[in-house]
Every structure is written in structure tokens, then in C-alpha cells.
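Each residue of the sequence shown is one higher than the one before, counting from 1 in the UniProt record's numbering.
No residue lacks a Cβ here, since even glycine has one placed at the ideal position from N, Cα and C.
Predicted model only: the values in this text are computed from it and were never measured.
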Amino acid sequence: MIECYASSIKKTYRCSYFRRRRGRPGCQAKLDWMANGETREKRFPHTCDAPIPPTSAPVEVITISDDSSDSFSSSSSHGTTVKSSTETLVNGLAEASDNTSTSPSQMTVPDAPIGPPVDMSQQMADETDKLAVIHISHPAPEIWDMIREEFTAPGKITRGLSREQVISRVYRARHNHFGGSIYGQVEVPPLSLARDGSNFFQFNFTFPGETGPDRLIGWGHPALVRLLTYDNVSLFLDATFRCVPASFYQCIVVMVYDRGSRCYVPCVTILSTTKTEWSWWRALHGVQVCTKMSMQPGTITCDYERAVLNAARDRFPESTAIGCLFHFKQAVRRRMQKLYIPTEEI
1 MIECYASSIK KTYRCSYFRR RRGRPGCQAK LDWMANGETR EKRFPHTCDA PIPPTSAPVE
61 VITISDDSSD SFSSSSSHGT TVKSSTETLV NGLAEASDNT STSPSQMTVP DAPIGPPVDM
121 SQQMADETDK LAVIHISHPA PEIWDMIREE FTAPGKITRG LSREQVISRV YRARHNHFGG
181 SIYGQVEVPP LSLARDGSNF FQFNFTFPGE TGPDRLIGWG HPALVRLLTY DNVSLFLDAT
241 FRCVPASFYQ CIVVMVYDRG SRCYVPCVTI LSTTKTEWSW WRALHGVQVC TKMSMQPGTI
301 TCDYERAVLN AARDRFPEST AIGCLFHFKQ AVRRRMQKLY IPTEEI
């Protein structure tokens with residue numbers, strides 16, 4: 001065995017006959033050894049049929065068999081580590097290169113008491129499913145690091161899931177938990193909760209659109225949503241197109257003027273995949289649902305966009321819809337520029 005890759009986490013060893021044959025691959029046997037000296041993984045069975053000369057000195061060999069009899073010894077009482085065993089094997093083969101050949105199956109391994117490994121596959125699988133759902137923001141390789149640190153200890157041989165098995169199980173557990181939809185992740189804890197444990201997620205609507213299904217997702221802290229239930233409040237609606245995820249078109253912000261603090265407070269934030277009148281109507285309906293249909297604003301200040309004005313007047317017929325002065329001045333300026341009025345006269 002020769003060392004072919006080494007890092008702070010793992011060392012990989014290959015058979016010495018990996019590059020022996022020209023024109024076709026040599027022996028594909030590979031051994032992964034983790035840094036703590038307790039986790040190993042057999043990548044390929046050792047099928048090397050090249051002749052190996054018998055050693056003139058005792059050689060220690062790390063034996064890797066199939067899953068039914070996978071066992072090895074790393075006890076300190078034997079005085080053996082992976083590095084020393086590998087170096088002894090390679091040096092022994094190099095010193096006896098002029099002797100007669102013997103196949104790997106005929107090599108004698110000194111008898112040594114080897115304890116059976118502890119099978120922790122089921123415990124690792126259960127813990128992987130648990131951590132995959134609890135730590136949503138952690139990538140799958142970090143979940144594997146948690147599992148490896150928890151189920152490996154010095155002086156104990158553990159048989160369990162490999163790195164590839166843990167990572168694939170993380171993706172599968174999250175897929176089953178959230179129903180296979182990425183939008184479902186925001187509907188359940190922990191992503192649906194604020195830092196104080198209150199329910200920050202408010203609604204997730206899907207409705208038919210002109211070119212396909214459209215979606216609205218709304219968030220709002222319960223303490224801020226409660227401000228919308230005050231009588232005769234001043235409501236402000238605005239939307240932005242720059243800071244939205246790739247699959248959405250605009251971000252709607254519903255603000256209210258708090259008389260106690262004399263501040264304009266953003267209460268509800270909504271992601272929308274379209275900007276039609278029907279989507280605005282649905283968005284305002286979702287805000288009403290958040291307040292248990294007890295929302296009756298006195299004035300609604302919004303853009304001069306026809307879709308927004310129609311939706312606001314339809315959802316709140318008793319409220320007064322007012323165009324925003326800032327947007328009005330912007331519209332007047334664009335119109336004056338379109339009529340080629342000099343800049344110094346605008």
C-alpha cells in the first residue's frame with residue numbers, strides 16, 4: 001500500500017500495483033483512513049492478481065474483507081497504527097523483490113486477537129435524519145462531520161454509514177420532511193419561526209396566472225401585524241424589483257404609521273411572482289387574513305399604478321386611496337423629459 005492523498009481530515013492509500021499495467025487500469029483497491037484513526041472505508045475489493053514476492057521479514061497487513069466479516073485491529077496493545085503497518089508492508093515488499101512470487105491470497109498474516117466492531121448503522125441513520133431537519137442551514141458535508149465526531153471515539157471500532165451514505169440520507173430526509181418543495185421549507189420550523197419563537201411565516205398562496213401558476217409568500221412578526229388592526233390607521237404600499245430571489249418578480253412591503261412611536265413600521269413583507277391586479281388583490285387579501293379580517297385602514301397611500309389602485313379600492317372600499325407624492329413627482333418628471341422640456345426648467 002502507498003499513500004496517494006493526505007489532508008488534515010483523511011488519508012487515502014492505494015495498492016502498489018495501481019499503475020503497474022500499461023493501457024489498462026491496475027489494481028483499484030483503495031483504503032480511506034480518517035484523522036482520528038478510527039474510521040475507515042473500503043472503496044474497492046482487493047483483486048490484485050499480480051505476483052508479490054514473499055517477504056523475508058515478518059510483515060503486518062491490514063485486512064479488509066467484505067461487509068459480512070469486516071474487521072481490523074487498532075488496539076494500542078498490538079503497537080500497530082495505520083502508518084506503521086503500511087510502511088512495514090511496503091518496505092518488506094521492496095526488500096524481497098528478488099525472491100519467488102506469491103499471490104496475495106497466499107500471504108500469511110500473523111494471528112492477533114481482533115475484537116468485533118460495533119454496528120452503529122441504525123443509530124447513525126436515525127441521528128442523520130434528526131440533524132438534517134434541525135440544522136436546515138447546514139450543508140450535507142457538515143452534517144457528516146457531526147455524525148463522524150459523535151459516533152467515533154478513540155479505542156473503539158465502529159461499523160456504520162459511509163460519508164456518501166450520510167450525505168445522500170440528508171438530502172432524502174429533507175425531501176421527505178418538506179414534501180419535495182423548496183417553498184415548503186419556509187412553512188415549518190425552524191425557518192417559519194422568529195428568534196423569539198413566534199410564528200414569522202404568515203401565508204403561502206398559489207393561484208392560476210396568465211402563463212402558469214403564480215405564488216405569493218408573506219412574512220410578518222405578530223407584534224407588527226397587530227399594528228394593522230388599529231382603527232383608522234394610515235397604510236402604505238410599495239414594491240421593489242431589485243432585491244428579490246430569482247424565481248420571484250417583486251417584493252411588496254406593507255407599512256403602517258405608528259402614532260405612538262411616530263414611525264413608519266414595515267409590518268408584512270410579500271414575495272410575488274407577478275405584478276398583475278389579481279396578484280395585488282390576493283396579496284392584500286393575505287394581509288387581511290393575517291389580521292383575522294379586522295383590518296380597516298383610514299387611508300391607503302400607494303403608487304399611481306392602476307393595478308395597485310384598483311386592488312386597494314376593491315379590498316378596502318371604505319378607505320381612501322391616495323397616490324404617493326414621490327411617485328407623482330417621478331411620473332411628472334418622466335413626462336416632462338418625454339416632451340423634451342429642458343432640464344433647467346423641470
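Per-residue burial, residue i [other beta carbons within 10 Å of its own, 16 or more giving buried]
{"i": "Met-255", "result": "buried"}
{"i": "Tyr-13", "result": "buried"}
{"i": "Phe-203", "result": "buried"}
{"i": "Ala-283", "result": "buried"}
{"i": "Ala-153", "result": "exposed"}
{"i": "Asp-214", "result": "buried"}
{"i": "Ala-29", "result": "buried"}
{"i": "Leu-11", "result": "Reading off the sequence shown, one finds Lys at residue 11, where the question assumed Leu. Buried is the call here."}
{"i": "Leu-4", "result": "One point to set straight first is that residue 4 is Cys, not Leu, in the sequence displayed. Per the 10 Å Cβ criterion, exposed."}
{"i": "Ile-341", "result": "exposed"}
{"i": "Gly-286", "result": "buried"}
Inter-residue CB distance, residue i and residue j (contact presumed, cutoff 8 Å)
{"i": "Tyr-249", "j": "Thr-273", "result": "5 Å"}
{"i": "Glu-318", "j": "Gln-296", "result": "7 Å"}
{"i": "Val-133", "j": "Ala-173", "result": "6 Å"}
{"i": "Arg-159", "j": "Pro-189", "result": "Wrong, their Cβ atoms sit about 34 Å apart, outside the cutoff."}
{"i": "Leu-216", "j": "Ser-121", "result": "Rounded, the Cβ-Cβ distance is 44 Å, inconsistent with contact."}
{"i": "Asp-258", "j": "Leu-227", "result": "6 Å"}
Proximity test, Cβ basis, 8 Å: residue i and chain B
{"i": "Glu-345", "result": "No chain B appears in this structure, which consists of one protein chain only."}
Spatial distance of residue i from residue j (CA atoms)
{"i": "Val-166", "j": "Trp-144", "result": "6 Å"}
{"i": "Ala-125", "j": "Leu-161", "result": "8 Å"}
{"i": "Ile-136", "j": "Ala-321", "result": "42 Å"}
{"i": "Leu-193", "j": "Phe-316", "result": "30 Å"}
{"i": "Asp-32", "j": "Ile-2", "result": "12 Å"}
{"i": "Ala-311", "j": "Glu-305", "result": "10 Å"}
{"i": "Cys-15", "j": "Ser-7", "result": "19 Å"}
{"i": "Val-244", "j": "Ile-252", "result": "10 Å"}
{"i": "Asp-196", "j": "Lys-329", "result": "41 Å"}
{"i": "Asp-231", "j": "Ala-331", "result": "32 Å"}
{"i": "Val-308", "j": "Cys-302", "result": "7 Å"}
{"i": "Glu-127", "j": "Gly-260", "result": "49 Å"}
{"i": "Gly-185", "j": "Met-146", "result": "Correcting the residue identity first, residue 185 is Gln in this sequence and not Gly. Rounded to the nearest angstrom, the two C-alpha atoms are 22 Å apart."}
{"i": "Arg-148", "j": "Ser-181", "result": "29 Å"}
{"i": "Arg-333", "j": "Cys-290", "result": "38 Å"}
{"i": "Ala-229", "j": "Cys-267", "result": "It should be noted that the sequence gives Thr, not Ala, for residue 229. Approximately 11 Å, taken between the alpha carbons."}
{"i": "Leu-325", "j": "His-175", "result": "47 Å"}
{"i": "Glu-142", "j": "Glu-150", "result": "13 Å"}
{"i": "Thr-299", "j": "Val-233", "result": "7 Å"}
{"i": "Arg-313", "j": "Ile-346", "result": "32 Å"}
{"i": "Leu-271", "j": "Gly-220", "result": "12 Å"}
Every unbroken alpha helix (DSSP H) inside the stretch 258-334 [4 residues or more]
277-290 and 306-315, all fully within the stretch 258-334.
Three Cβ pairs or more, each shorter than 8 Å: is that satisfied between the stretch 190-209 and the stretch 226-246?
The stretch 190-209 is not in contact with the stretch 226-246.
Taking 8 Å as the threshold, find out whether the stretch 166-183 comes into contact with the stretch 124-133 through three or more Cβ pairs.
Result yes; three or more Cβ-Cβ pairs closer than 8 Å.
Taking the runs of the beta strand (DSSP E) that are 3 residues or longer, which of them lie wholly in the stretch 149-198?
DSSP runs (the beta strand (DSSP E)) wholly in the stretch 149-198: none.
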